[in-house]
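Number of protein chains: 2
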Amino acid sequence: MRKADEEAVTGTKEKILDSAQYLIQTRGYSAISYAHIAEKLGIRKASIHYYFPSKADLGVAVVERYTAMFEAALAQVLENEDLTNRQKIEAYFQPYRDYADEPEMVCLCGALAGEFSALPEEMQARTRQFFLSHQNWLKSVLTVGEENREFRLPGPPGKFARMMFAMLQGALLVKRSTGDISQMDDVIEMLRGQIVS
Amino acid sequence: MRKADEEAVTGTKEKILDSAQYLIQTRGYSAISYAHIAEKLGIRKASIHYYFPSKADLGVAVVERYTAMFEAALAQVLENEDLTNRQKIEAYFQPYRDYADEPEMVCLCGALAGEFSALPEEMQARTRQFFLSHQNWLKSVLTVGEENREFRLPGPPGKFARMMFAMLQGALLVKRSTGDISQMDDVIEMLRGQIVS
DNA sequence: GTCTATACAAAGATAGAC
DNA sequence: GTCTATCTTTGTATAGAC
Chain A
4 MRKADEEAVT GTKEKILDSA QYLIQTRGYS AISYAHIAEK LGIRKASIHY YFPSKADLGV
64 AVVERYTAMF EAALAQVLEN EDLTNRQKIE AYFQPYRDYA DEPEMVCLCG ALAGEFSALP
124 EEMQARTRQF FLSHQNWLKS VLTVGEENRE FRLPGPPGKF ARMMFAMLQG ALLVKRSTGD
184 ISQMDDVIEM LRGQIVS
Chain B
4 MRKADEEAVT GTKEKILDSA QYLIQTRGYS AISYAHIAEK LGIRKASIHY YFPSKADLGV
64 AVVERYTAMF EAALAQVLEN EDLTNRQKIE AYFQPYRDYA DEPEMVCLCG ALAGEFSALP
124 EEMQARTRQF FLSHQNWLKS VLTVGEENRE FRLPGPPGKF ARMMFAMLQG ALLVKRSTGD
184 ISQMDDVIEM LRGQIVS
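These protein sequence lines map, in sequence, to chains A and B. FYI, in the numbering used here the residues of the first sequence are 4 to 200. FYI, in the numbering used here the residues of the second sequence are 4 to 200.
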C-alpha cells in the first residue's frame, strides 16, 4: 500500500509542515498557533491535531524534516568528488544566498535559537544537533582543503568553521531586521577573501 | 518632587523592566506573559498593567532602555582619547564575553531578531536601529584605526564591521543552543587575529 | 480524514475597592 | 500604587458525527 493511496498527491500533512515551517521561520515558534496554520490552509484546527496531536509534535516534525533535508544535501556535496573543496564551501553558501532574497526569511534553526529556552526539549536537542553538524561539516571540508594545499585559512579549520557558521546565521538575522539584503553578500564576500588560494 | 518620593528606592517599574528583559533574553518576547513576570516579582498582573498598559508598551520600554544603555556606553568609549582604536574594539567585545558566561543569555536584540515579524512595529524599529547603530560604531572605529596606521583589515571597514557584528550576534545564539561557551572565545580570537598591527 | 462542537486554561486587559 | 474581581479572546486539545 503506497502513501499516495492514503493521501492526496500533495498530502495535507506536508502542507501543514510547509505552512508551519514558513510561519516559524518568519515569526518564531512561540508566536504561531494552530489557528494561523488552519486559516492559511483553509482547513480546521482539529485536522492539524489529527496529524500532530500537540504543538510540540508539530514543532519537532518541522525541525526534523528541515535538518534531515540539510543532512542529506550536505552528505551529497561532501561525497561529490567532482567538486573542489572551495566549490563545496560555495555550495554551502547557496541556501544562505537564497534566504537573502526572501526579506523575512532566516534559517529555521536561527529563528529557533532566539527563543531557545522556551522550546520543547526535543526541539532544543534537534536545533543543537543542527548547529553542531553544520559546524562539523564545514570543519571537515576546510581541513581537507587545507591539507590538499587547495587553500590556506587565517586560523585553525575548527575555529574558522565556527566563525563562518556564526557569521552566516547572524547575517541572516541582521539582514531581516535591517531590511538590507547586501548584508549577506558583504559577509560572504569577506569570507571568500579569507580562504586564500 | 523627586522620583524617590513616588517610588521605592528600587522602583517596581524598574523591577518589572529587569524581569521582562531577563525573560525576553532567555525565552523571547512572544513566549513571555504578564503572569510570568508577576509571579517572579511576587506581585499581581494588574500592577504591571498600571506601569505598562499593553504588552507592546512593556516590550518597547525594555528595548528602549537596553539600546539607550548601549548608546551611552559606546559614545563614552568613542570619545575616550586615552584608548587606542584596538582597545575600543576590545571594549566592544566585553559585553559579548560577559554574556558568554551566562549559559542561557544572548543579546536582547539578537533574541528579538529571531521572532522579528511577530513583534510590534515599534519594537522592530528599535531593534533595527540597534543593529545599524552598532555596525556604524564599529565601522567608524575601524576606519579611524586604519587611517592612523594602527592596524590593517582584510577588507573595507564597513564590510568588516558588518562581518564582526553578525559573527558576534550569531556566536551568542550558537553558544546558547550548543551549550559550548568556548564558541565565543574562539570567534573573538579569530576576529582579533584579523585586525593586523 | 475532516468536520462541528466543546472544554479548559492562559493571555491580555479593564474596573473599581482599598 | 497595588490589589481583587472580572471580561474577552486566543490557544491547545479532545469527543464524536459524518
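Positions of the beta carbon are idealized from the N, C-alpha and C atoms, including for glycine.
Taking Cβ positions only, does residue i come closer than 7 Å to chain B?
i: Gln79 (chain A); result: no
i: Asp3 (chain A); result: The structure shown does not extend to residue 3 (chain A), since chain A is modelled only from 4 through 200, so no value can be given for it.
i: Arg129 (chain A); result: no
i: Met170 (chain A); result: yes
i: Gly173 (chain A); result: yes
i: Arg165 (chain A); result: yes
i: Val177 (chain A); result: yes
i: Gly62 (chain A); result: no
So with Cβ pairs under 7 Å, would you call residue i a contact of chain A?
i: Ser33 (chain B); result: yes
i: Met108 (chain B); result: no
i: Arg89 (chain B); result: no
i: Ala121 (chain B); result: yes
i: Lys162 (chain B); result: yes
i: Met193 (chain B); result: yes
i: Gly45 (chain B); result: no
Can you list the residues of chain B that residue i reaches, using a CB-CB cut of under 7 Å?
i: Val144 (chain A); result: None at all; the shortest Cβ gap to chain B is about 17 Å.
i: Phe96 (chain A); result: What Phe96 (chain A) touches in chain B: nothing, since even the nearest Cβ is about 14 Å away.
Among the options, which residue has its Cα nearest to the Cα of residue i?
i: Tyr69 (chain B); options: B:Ser22, B:His52 and B:Tyr53; result: B:Ser22
i: Gln28 (chain A); options: A:Ser185, A:Gln79 and A:Ala103; result: A:Ala103
i: Ile191 (chain B); options: B:Phe55, B:Pro159, B:Leu156 and B:Glu93; result: B:Glu93
i: Ala41 (chain B); options: B:Tyr54, B:Ile19 and B:Ala34; result: B:Ile19
i: Phe96 (chain B); options: B:Ala116, B:Phe73 and B:Glu107; result: B:Phe73
i: Ala64 (chain B); options: B:Tyr32, B:Arg47 and B:Ala38; result: B:Tyr32
i: Glu118 (chain B); options: A:Thr13, A:Gly14 and A:Ile35; result: A:Ile35
i: Leu194 (chain A); options: A:Gly14, A:Gln79 and A:Phe168; result: A:Phe168
i: Ala76 (chain B); options: B:Pro98, B:Met187, B:Leu111 and B:Leu122; result: B:Pro98
i: Ser136 (chain A); options: A:Ala49, A:Ala78, A:Ser50 and A:Ile198; result: A:Ala78
i: Val66 (chain B); options: B:Pro160, B:Met170 and B:Gln132; result: B:Gln132
i: Gly196 (chain A); options: B:Arg129, B:Ser200 and B:Leu156; result: B:Leu156
i: Cys110 (chain A); options: A:Gly158, A:Gln24, A:Ile51 and A:Ser50; result: A:Gln24
i: Ile198 (chain B); options: B:Met170, B:Pro106, B:Ala71 and B:Leu145; result: B:Leu145
i: Ala71 (chain B); options: B:Asp189, B:Phe134 and B:Met187; result: B:Phe134
i: Pro159 (chain A); options: B:Pro160, B:Glu84 and B:Asp189; result: B:Asp189
i: Met108 (chain A); options: A:Tyr37, A:Leu26 and A:Glu82; result: A:Leu26
i: Met126 (chain B); options: B:Gly62, B:Gly173, B:Ser200 and B:Ala49; result: B:Gly62
i: Val147 (chain B); options: B:Arg47, B:Leu81 and B:Leu115; result: B:Leu81
i: Arg30 (chain B); options: A:Leu171, A:Pro106 and A:Ala114; result: A:Ala114
i: Asp101 (chain B); options: B:Met170, B:Met187, B:Glu17 and B:Ile51; result: B:Met187
i: Ala121 (chain A); options: A:Glu105, A:Glu84, A:Asn83 and A:Ala59; result: A:Ala59
i: Thr13 (chain A); options: A:Ser200, A:Leu44 and A:Pro56; result: A:Leu44
i: Thr15 (chain B); options: B:Ala38, B:Pro123, B:Ser50 and B:Tyr37; result: B:Ser50
Name the chain A residues whose beta carbon is nearer than 7 Å to that of residue i?
i: Val65 (chain B); result: The contacting residues do not exist; Val65 (chain B) stays about 15 Å from chain A at best.
i: Lys58 (chain B); result: Going along chain A, no residue has its Cβ under 7 Å from Lys58 (chain B), so there is no contact; the nearest lies around 12 Å.
i: Thr181 (chain B); result: Arg131, Phe134 and Leu135
i: Val147 (chain B); result: The contacting residues do not exist; Val147 (chain B) stays about 20 Å from chain A at best.
i: Gln197 (chain B); result: Pro157
Identify whether residue i lies in helix, strand or coil by the three-state DSSP scheme.
i: Val199 (chain A); result: strand
i: Arg131 (chain A); result: helix
i: Arg47 (chain B); result: coil
i: Arg152 (chain A); result: coil
i: Val144 (chain B); result: helix
i: Gly14 (chain A); result: coil
i: Thr204 (chain A); result: Residue numbering for chain A in the displayed model covers 4 to 200; residue 204 (chain A) lies beyond these limits and cannot be assessed.
i: Gly113 (chain B); result: helix
i: Asn139 (chain A); result: helix
i: Pro98 (chain A); result: helix
i: Leu20 (chain B); result: helix
i: Ser120 (chain A); result: helix
i: Phe163 (chain B); result: helix
i: Asp104 (chain A); result: coil
i: Tyr32 (chain B); result: coil
i: Thr181 (chain A); result: helix
i: Ala192 (chain A); result: Before going on, a small fix: residue 192 (chain A) reads as Glu here, not Ala. Residue state, collapsed to three classes: helix.
i: Phe168 (chain B); result: helix
i: Gly252 (chain A); result: Absent from the structure is residue 252 (chain A), since the part of chain A shown begins at 4 and ends at 200.
Mind listing the chain B neighbours of residue i? Cutoff is C-beta to C-beta under 8 Å, in chain order.
i: Glu118 (chain A); result: Arg30, Gly31, Ser33, Ala34, Ala114, Gly117 and Glu118
i: Met126 (chain A); result: Going along chain B, no residue has its Cβ under 8 Å from Met126 (chain A), so there is no contact; the nearest lies around 11 Å.
Please list, in chain order, the chain A residues whose beta carbon lies closer than 8 Å to that of residue i.
i: Gln221 (chain B); result: Look at the range of chain B in this structure, 4 to 200, and you will see that residue 221 (chain B) is not part of it.
Can you determine whether any heavy atom of the ligand ADP sits closer than 6 Å to the C-beta of residue i, and answer yes or no?
i: Asp21 (chain B); result: No copy of the ligand ADP occurs in the structure displayed, which carries no ligand at all.
Item to check | the stretch 132-152 of chain A touching the stretch 79-92 of chain A, judged by at least three CB pairs closer than 8 Å | outcome: With the cut-off at 8 Å, the stretch 132-152 of chain A and the stretch 79-92 of chain A touch.
Item to check | Stretch-stretch touch, CB-based, cutoff 8 Å, three pairs: the stretch 131-144 of chain B with the stretch 157-164 of chain B | outcome: Short answer: they touch.
Next on the checklist: For the pair the stretch 179-186 of chain A and the stretch 172-181 of chain B, tell me if three or more CB-CB distances fall below 8 Å.
Outcome noted: Judged by Cβ distances under 8 Å, the stretch 179-186 of chain A makes no contact with the stretch 172-181 of chain B, as fewer than three pairs qualify.
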